[in-house]
Amino acid sequence: MRDTSPLLLNTDFPPLKRTALTTLQVNLGYLCNLSCTHCHVNAGPKRTELMDLATIELVLAVLRQKNITVLDLTGGAPEMNPHFRYLVAEASKLGVEVIDRCNLTILLEPGYEDLVQFFADHKVTVVASLPCYSEKNVSEQRGKGVFELSIDVLKILNDKGYGIESSLPLHLVYNPNGAFLPPDQHQLEQEYKLRLSTDFGVEFNQLYTITNMPISRFGAVLLAKGEYDQYMNLLKDNFSPSNLETLMCLNTVSVDWQGNIYDCDFNQMLEISLVSLRDEKEWSGVIASDSSDFSQTQNSFNDVTKMKRHIRELLAEDMFGQSIAIGDHCYGCTAGQGSSCGGALNA
Ligand code: SF4
Ligand code: SF4
Numbered sequence: 045m046r047d048t049s050p051l052l053l054n055t056d057f058p059p060l061k062r063t064a065l066t067t068l069q070v071n072l073g074y075l076c077n078l079s080c081t082h083c084h085v086n087a088g089p090k091r092t093e094l095m096d097l098a099t100i101e102l103v104l105a106v107l108r109q110k111n112i113t114v115l116d117l118t119g120g121a122p123e124m125n126p127h128f129r130y131l132v133a134e135a136s137k138l139g140v141e142v143i144d145r146c147n148l149t150i151l152l153e154p155g156y157e158d159l160v161q162f163f164a165d166h167k168v169t170v171v172a173s174l175p176c177y178s179e180k181n182v183s184e185q186r187g188k189g190v191f192e193l194s195i196d197v198l199k200i201l202n203d204k205g206y207g208i209e210s211s212l213p214l215h216l217v218y219n220p221n222g223a224f225l226p227p228d229q230h231q232l233e234q235e236y237k238l239r240l241s242t243d244f245g246v247e248f249n250q251l252y253t254i255t256n257m258p259i260s261r262f263g264a265v266l267l268a269k270g271e272y273d274q275y276m277n278l279l280k281d282n283f284s285p286s287n288l289e290t291l292m293c294l295n296t297v298s299v300d301w302q303g304n305i306y307d308c309d310f311n312q313m314l315e316i317s318l319v320s321l322r323d324e325k326e327w328s329g330v331i332a333s334d335s336s337d338f339s340q341t342q343n344s345f346n347d348v349t350k351m352k353r354h355i356r357e358l359l360a361e362d363m364f365g366q367s368i369a370i371g372d373h374c375y376g377c378t379a380g381q382g383s384s385c386g387g388a389l390n391a
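When we follow my numbering, the leftmost residue of the sequence shown carries the number 45, and every step to the right adds one.
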């Protein structure tokens, strides 16, 4: 599988600076009850990478010290981390909104049947991927039987009040099934609501449309089909500067299962580390010494972003005003209506 990262780092994307940190997005590990072919982290039932308790305690320490308002949990299936319930319970005691990015089917697995009640007790926000409202399209993307199971679980969540009571939010996620931009989020949400309600009696709150990023498996498919340049041109031609003000990386830090930190989930997948203030000073020195040589500057920046940064460093650092590590993939967040883990940026 060819990797797009060498093509992405030499970029003309505008520089970005951090604002106040409000969200921690934490990957609890690659263990999952499913093993979808499109999975960007190759999660599955045999993966053993899981965030340990010591790192989870650091996550909680950062939530406390930085007054973070949102904890966004991903995986794998985040619920399969043995410390999942402890983390959720402690975070919700702090008044933090906890988001669980859920594949839905985990809630039917033995040992997890009581999770819906646990979610409701802790007012966890559930965000679930449902690439279409029709069985045929979902089966093509996620495998046979996944659509029916997902509908069953959505009904269980509805029965508990999810998607119905204002304190129990249930959001769905749509990704385009190919090299095109998502349709208008609001319009698609109306279609989803009508079809899911009419056909299955399922209710939900919001639909998040998310643009496919030219990285990981999707990036490799673009390269294999010779469509990489075309897709990058699509993203760049639809660049919308107003999205720069609401990009998720401005106020979010992404944490991997080992506790390493990144500006966003996409940079985590590309292994482009967050730049610490100390490194930024060194990097600025390189720019000052030879500002005419763009490639040298870029290479120095790339060297800096290869160095791992750990969540414990957040406890000693105020990130406000810090530079964000950018690449050409960032055009995926600014194209058209914009894109983030919370859907369109200007919907
Ligand atoms: S459910 Fe999600 S995390 Fe699990 S294998 Fe599928 S895509 Fe990967
Ligand atoms: S990919 Fe998007 S979220 Fe990540 S650094 Fe670039 S603009 Fe920010």
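Note that beta-carbon positions come from the ideal geometry of N, C-alpha and C, so glycine has one too.
Residue i: buried (16+ other C-beta within 10 angstroms of its C-beta) or exposed?
i	result
S333	Note that S333 scores 48 on pLDDT, short of 50, meaning its location in the model is unreliable; the coordinates nonetheless yield the value given after this. Classification for S333: exposed.
M95	buried
N54	exposed
D300	buried
E192	exposed
F364	exposed
Residue j and residue i - do their beta-carbons sit closer together than 9 Å?
i	j	result
K204	F163	yes
G73	N125	yes
G150	C76	For the record, residue 150 in the displayed sequence is Ile; it is not Gly. It is a contact, given that the beta carbons lie within the stated cut-off.
A172	L225	no
I370	V106	no
N287	C377	yes
D372	L51	yes
T63	L359	no
L212	S194	no
I259	S49	yes
A388	T169	no
Hey, out of the options, whose CA is closest to residue i's CA?
i	options	result
P285	Y306, E361, N390 and N249	N390
N219	C385, V197, E192 and L104	C385
T66	N304, V140 and I316	V140
C83	E179, K269, N147 and G207	N147
L117	V297, N202 and S317	V297
I305	K352, M292, G263 and T99	K352
L152	R186, I200 and P59	I200
N221	Q234, Q231 and V182	V182
L314	G119, V85, L216 and R145	V85
Using DSSP with H/G/I as helix, E/B as strand and the rest coil, what is residue i?
i	result
N54	coil
A379	strand
T253	strand
V297	strand
E141	strand
Q69	strand
G263	helix
C146	strand
N304	strand
L78	coil
K269	helix
S284	coil
H215	strand
V170	strand
K61	strand
Q: State whether the stretch 101-114 contacts the stretch 146-164, with contact taken as three or more CB pairs (one from each stretch) at a distance under 8 Å.
A: Note that the stretch 101-114 does not touch the stretch 146-164; fewer than 3 beta-carbon pairs, one per stretch, sit closer than 8 Å.
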